[in-house]
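Chemist: So that we are looking at the same thing, I have put the structure below in structure tokens.
There are 2 protein chains.
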Amino acid sequence: MLTEKQYNLLMFINKINKETGRCPSFDEMKEAVGLKSKSGIHALINALEERNFIRRLKHRARALEVIRLPRFKPQAIVEEEKKREQALQNSVVSIPLYGKIAAGLPIEAIADETETVSVPFEMVSLGQYYALKIEGDSMIEAGILDGDTAIIRKQNQADDGKIVVALIDNNEATLKVLKKNGDTVKLVPCNKDYKTRTIEASRVKIQGVLSGILRKY
Amino acid sequence: MLTEKQYNLLMFINKINKETGRCPSFDEMKEAVGLKSKSGIHALINALEERNFIRRLKHRARALEVIRLPRFKPQAIVEEEKKREQALQNSVVSIPLYGKIAAGLPIEAIADETETVSVPFEMVSLGQYYALKIEGDSMIEAGILDGDTAIIRKQNQADDGKIVVALIDNNEATLKVLKKNGDTVKLVPCNKDYKTRTIEASRVKIQGVLSGILRKY
DNA sequence: AAAATTTGTTCTATTTTAGTTCTATTTTTT
DNA sequence: AAAAAATAGAACTAAAATAGAACAAATTTT
Numbered sequence: 001m002l003t004e005k006q007y008n009l010l011m012f013i014n015k016i017n018k019e020t021g022r023c024p025s026f027d028e029m030k031e032a033v034g035l036k037s038k039s040g041i042h043a044l045i046n047a048l049e050e051r052n053f054i055r056r057l058k059h060r061a062r063a064l065e066v067i068r069l070p071r072f073k074p075q076a077i078v079e080e081e082k083k084r085e086q087a088l089q090n091s092v093v094s095i096p097l098y099g100k101i102a103a104g105l106p107i108e109a110i111a112d113e114t115e116t117v118s119v120p121f122e123m124v125s126l127g128q129y130y131a132l133k134i135e136g137d138s139m140i141e142a143g144i145l146d147g148d149t150a151i152i153r154k155q156n157q158a159d160d161g162k163i164v165v166a167l168i169d170n171n172e173a174t175l176k177v178l179k180k181n182g183d184t185v186k187l188v189p190c191n192k193d194y195k196t197r198t199i200e201a202s203r204v205k206i207q208g209v210l211s212g213i214l215r216k217y
Numbered sequence: 218m219l220t221e222k223q224y225n226l227l228m229f230i231n232k233i234n235k236e237t238g239r240c241p242s243f244d245e246m247k248e249a250v251g252l253k254s255k256s257g258i259h260a261l262i263n264a265l266e267e268r269n270f271i272r273r274l275k276h277r278a279r280a281l282e283v284i285r286l287p288r289f290k291p292q293a294i295v296e297e298e299k300k301r302e303q304a305l306q307n308s309v310v311s312i313p314l315y316g317k318i319a320a321g322l323p324i325e326a327i328a329d330e331t332e333t334v335s336v337p338f339e340m341v342s343l344g345q346y347y348a349l350k351i352e353g354d355s356m357i358e359a360g361i362l363d364g365d366t367a368i369i370r371k372q373n374q375a376d377d378g379k380i381v382v383a384l385i386d387n388n389e390a391t392l393k394v395l396k397k398n399g400d401t402v403k404l405v406p407c408n409k410d411y412k413t414r415t416i417e418a419s420r421v422k423i424q425g426v427l428s429g430i431l432r433k434y
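Structure representation (structure tokens):
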């Protein structure tokens with residue numbers, strides 16, 4: 001029925017009409033639709049008039065009105081809108097921010113999800129995620145600084161060498177590199193001023209794996 | 218539909234009509250619309266009549282009536298819609314990703330905005346932003362790793378000590394700490410394996426200031 | 001009913017804004 | 001490759017906005 005440009009123009013005129021009761025000029029329309037010449041608008045207007053979507057007084061300034069709206073949107077518009085909607089929904093994910101992990105609380109026990117962080121969807125995939133504010137510099141050599149926001153993917157176990165949130169003795173949560181070693185695990189900081197801790201595997205619960213970092217300067 | 222002046226006049230007539238039941242004279246209208254001559258009103262009245270918004274008895278004083286008003290949405294609804302749209306747009310911002318800076322190209326010259334990154338709106342404020350993929354480890358001690366995505370705020374100058382995108386001799390763009398020193402600037406890497414470069418200020422153009430880091434594991 | 005007063009009409013003229021038309025390209029479609 | 005549609009730009013024409021004044025018709029007052 002209508003081309004994309006025709007549709008856009010019609011909707012623009014209708015919008016201005018409804019919102020202000022006034023009528024845009026050809027130049028204003030040209031801006032709105034993204035043309036650089038009025039002659040294009042002229043053609044579009046003629047097309048819209050021919051198709052009975054608008055009525056106008058020729059040679060009169062700002063003298064046209066919408067008489068009906070199309071029942072169907074042009075395919076291009078539909079697809080455009082779908083894309084945009086998807087982009088919007090996909091582009092960002094809101095995940096809970098568990099500031100400092102309350103000493104000893106397993107992640108599951110932290111019910112408070114009032115604070116959240118928006119994360120670009122590129123940074124998460126399937127699974128559950130949460131965020132932590134990094135405190136201290138024990139991971140500084142891994143490029144994780146005090147104040148950074150760590151994006152963590154919830155997992156109960158993790159591959160060797162990953163940076164994980166580990167809960168020790170149900171009592172203490174920390175972000176460290178995980179090194180498995182038979183019955184024991186090593187929690188390796190990334191800062192030579194800190195010591196690696198070696199602990200029986202049974203005393204350590206993995207709470208998640210580091211999946212991203214957000215930093216704001 | 219209507220021009221500004223036509224619209225204003227119509228609304229004025231309608232208002233007087235409703236409030237007093239009477240009809241304003243040309244002189245009253247002239248005052249209300251801000252004209253200095255009645256002839257202008259005459260023209261406007263003709264236009265409104267031609268467009269079927271008013272009906273009148275010619276040569277009769279104060280003898281015109283409004284037959285319709287341009288229909289428009291209540292302001293409240295318009296604002297509501299605007300807000301909603303803004304809210305949607307606010308949650309995430311899409312900024313262009315200038316992969317590796319093409320050697321020697323000032324940021325402005327990189328027209329390609331096809332690749333973009335979604336950034337949580339918390340990470341940007343006013344101004345223009347773009348993103349860069351970090352290559353190399355010259356800033357590793359600042360917690361900026363190879364592969365990180367740097368969020369840069371476009372600026373032509375920057376405070377001392379900031380991490381900036383600097384273009385040297387219109388030829389080479391790099392991310393370094395800026396140290397101003399009279400006529401020269403130092404571009405300080407954050408890695409002891411790299412040397413600080415001291416360059417005449419005139420040869421260095423600031424292309425932006427580091428405003429955030431995104432990292433994905 | 002006549003006079004006085006309002007009110008609307010018309011004309012001239014100028015500046016600004018807006019719409020039309022035409023030509024030439026570019027892009028898209030067939 | 002040809003045809004059709006979209007686009008740009010400029011030149012041109014028309015209308016809107018504006019003012020001011022003279023005049024005519026309606027209304028009100030006396």
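As given, the protein sequences belong to chains A and B, one line each in that order.
Heads up: the first sequence at position 41 corresponds to 41 in this note's numbering, and the numbers run straight through without jumps.
Heads up, this note's numbering is the position in the second sequence plus 217, with the first residue counted as 1.
Heads up, the beta-carbon is just placed ideally off N, CA and C, and yes, glycines get one too.
1. Give, in chain order, every residue of the region 14-42 of chain A whose Cβ lies closer than 8 angstroms to some Cβ of chain B.
2. Which residue spans inside the region 125-159 of chain A form an unbroken beta strand (DSSP E) run of at least 3?
3. Could one say the Cβ of G212(A) lies closer than 8 angstroms to chain B's Cβ atoms, at least one of them?
4. So who's on the other strand from G208(A), going by DSSP bridges?
5. Counting only Cβ pairs nearer than 7 angstroms, list the residues of chain B close to E65(A).
6. On the DSSP bridge assignment, give the partners of R432(B) in chain order.
7. Of all the options E352(B), S355(B) and I368(B), which has the alpha carbon lying nearest to the alpha carbon of P337(B)?
8. Would you call the region 234-249 of chain B and the region 182-202 of chain A touching, i.e. three or more CB-CB distances under 8 angstroms?
9. So for A173(A), helix, strand or coil by DSSP?
10. Under 7 angstroms from any heavy atom of the ligand NAP, does the C-beta of R68(A) make it?
11. Counting only beta-carbon separations shorter than 8 angstroms, does I312(B) have a partner in chain A?
12. So is F289(B) in contact with chain A if we call contact Cβ pairs under 8 angstroms?
13. Please report how far the alpha carbon of I284(B) lies from the alpha carbon of R273(B), in whole angstroms.
14. Is it buried or exposed, N8(A), if we count other Cβ atoms within 10 angstroms and call 16 or more buried?
15. Where does N269(B) sit, in a helix, a strand or coil, going by DSSP?
16. Helix, strand or coil: which one does DSSP assign to L227(B)?
17. Within 10 angstroms of the Cβ of N373(B), are there 16 or more other Cβ atoms? Answer buried if so, exposed if not.
18. Less than 8 angstroms between the beta carbons of G136(A) and D148(A), yes or no?
19. Would you mind working out which of A280(B), K222(B), T220(B) and L261(B) sits nearest N234(B), comparing C-alpha positions?
20. Please state whether the Cβ-Cβ distance between I163(A) and V204(A) is less than 8 angstroms.
21. From N46(A) to L97(A), what does the alpha carbon distance come to, in whole angstroms?
22. Tell me where the beta strand (DSSP E) around K186(A) begins and ends.
23. Count the other CB atoms within 10 Å of the CB of M139(A); is the residue buried (16 or more) or exposed (fewer)?
24. Along chain B, which residues have their Cβ under 8 angstroms away from the Cβ of I140(A)?
25. Tell me the DSSP bridge mates of L219(B)?
26. Applying a beta-carbon distance threshold of less than 7 angstroms, which residues of chain B neighbour A259(A)?
Modeler: So, to answer that:
1. N17, K18, E19, T20, G21, R22 and C23
2. 129-133 and 149-153
3. yes
4. V165(A)
5. M218
6. I213(A)
7. I368(B)
8. no
9. strand
10. With respect to the ligand NAP, the structure offers nothing, as it holds no ligand at all.
11. no
12. yes
13. 10 angstroms
14. buried
15. coil
16. helix
17. exposed
18. no
19. A280(B)
20. no
21. 56 angstroms
22. T184 to V188
23. buried
24. G360
25. None; L219(B) has no bridge partner.
26. Nothing about residue 259(A) can be reported from this structure: the residues present for chain A run from 1 to 217 only.
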